[in-house]
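Numbering (the numbering used here), first residue to last: 1 to 320.
Just so it is clear, CB atoms sit at the ideal spot from N, CA and C, and this is done for glycine as well.
Report on the following structure.
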């Protein structure tokens, strides 16, 4: 009977030692959060959204994650392992149509990230070990996928598993990323006339010859707009061309000029395009184009003062 009681005492002691095992993790030097086998660590962290140095990825940086082996005592050979879980990176609602991925220990792995990629090993010493993972968004040469991040946006969720070399139990880490800054990018190399300035010179014009309607004014010049989207892949998509600038005080269809009684109109397909308005066009296999007309228009009932006039506007490619 004495031997039986001694054996039971030993078994109880072993049970206490195993129960003491847990996983500890923290973010950005904050308090350690402990989870026991079978449990989940849930944390949320704001991160900086910035364009990477090679301009091919938008990085979600600033989640400095550490985990440690938290078993009190036990053989030194005991180790914990942190690795990618199934669906390791789930992008937020704004990025489900974008390519995404994880940079793990310096290696980029696009979504879907394989399960079981080993990230870090925790020795039985209670020291924190960095979990080197940075989510990213792929920059694609496509005008249909502009990226617009607002502070507080949900960027995505990172899920990791912790296993070990001494029992079958595991824990899980779920880290939710939110935006700490505003960030906008049109991930496109598409250009209008190769980004060269479009100079419209009406030359010498008599004030009386200037018309009062952009569709009928005889002071006009024609231009060709060429659209190009160089880069890998083929883009076929509807696009918009917006006539950006300051509207004239006497006609919102016209771009304001240095002479307040004169404005410049944009006509495409027999229709005047108002300032800060747009027209629909098309890119097919990375290219497209339109013929447009710029017209000089005066305020009705006026004779504009003689002298040079100037103005400036911008044509911007976008998506419907």
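Starting from the C-beta of residue 296, find all residues in its chain whose C-beta is less than 7 Å away, skip the five residues before and the five after it, and write them out in chain order. Excluding residues within five positions, the ones whose Cβ falls inside 7 Å are 202, 205, 210, 217, 219, 262 and 264.
Of the listed residues 66, 35 and 47, nearest to residue 27 (C-alpha basis): Ranking 66, 35 and 47 by Cα distance to residue 27 puts 66 first.
Got a sec, what are the start and stop residues for the beta strand (DSSP E) residue 43 sits in? Residues 40-51.
In chain order, each beta strand (DSSP E) run of at least 3 residues that lies wholly inside the stretch 208-244: Whole beta strand (DSSP E) segments, 3+ residues: 220-228 and 237-244.
Neighbour-count burial assignment, residue 278, 16 or more Cβ in a 10 Å radius: By the beta-carbon neighbour count (other beta carbons within 10 angstroms, threshold 16), residue 278 is buried.
How about residue 81 and residue 163: are their beta carbons less than 8 Å apart? With respect to residue 163, residue 81 sits close: the two C-beta atoms are nearer than 8 Å.
Using the beta-carbon count (16 or more within 10 Å), is residue 288 buried or exposed? Residue 288 comes out buried.
Is residue 299 buried or exposed, if buried means 16 or more other CB atoms sit within 10 Å of its CB? Buried is the call here.
With H, G and I counted as helix, E and B as strand and the rest as coil, what does DSSP make of residue 69? Residue 69: strand per DSSP, three-state reduction.
Which residues mark the beginning and the end of the beta strand (DSSP E) in which residue 28 is found? Unbroken run through residue 28: none, as it is neither H nor E.
Three or more C-beta pairs closer than 8 Å, one from the stretch 106-126 and one from the stretch 147-154: is that the case here? The stretch 106-126, when compared against the stretch 147-154, does not touch it at the 8 Å Cβ threshold.
How is residue 93 classed by DSSP in three states: helix, strand or coil? Residue 93: helix per DSSP, three-state reduction.
Output the boundary residues of the beta strand (DSSP E) element that contains residue 117. In the DSSP assignment, residue 117 falls outside any beta strand (DSSP E), carrying neither H nor E.
When you compare only the Cα positions, how much space is there between residue 84 and residue 118? Here the C-alpha atom of residue 84 lies approximately 7 Å from the C-alpha atom of residue 118.
Within the same chain, show all residues whose beta-carbon is closer than 8 Å to that of residue 315, passing over the 5 residues directly before and after it, in chain order. Answer for residue 315: 192, 198, 225, 241, 242, 243 and 244, listed in chain order.
Closest by C-alpha distance to residue 53, when choosing among 138, 175 and 302: Each of 138, 175 and 302 was checked against the Cα of residue 53, and the nearest Cα belongs to 138.
Span separating the alpha-carbon of residue 229 from that of residue 268: Computed Cα separation, rounded: 22 Å.
Residues sharing a beta bridge with residue 161, DSSP: Partner(s): 83 and 172.
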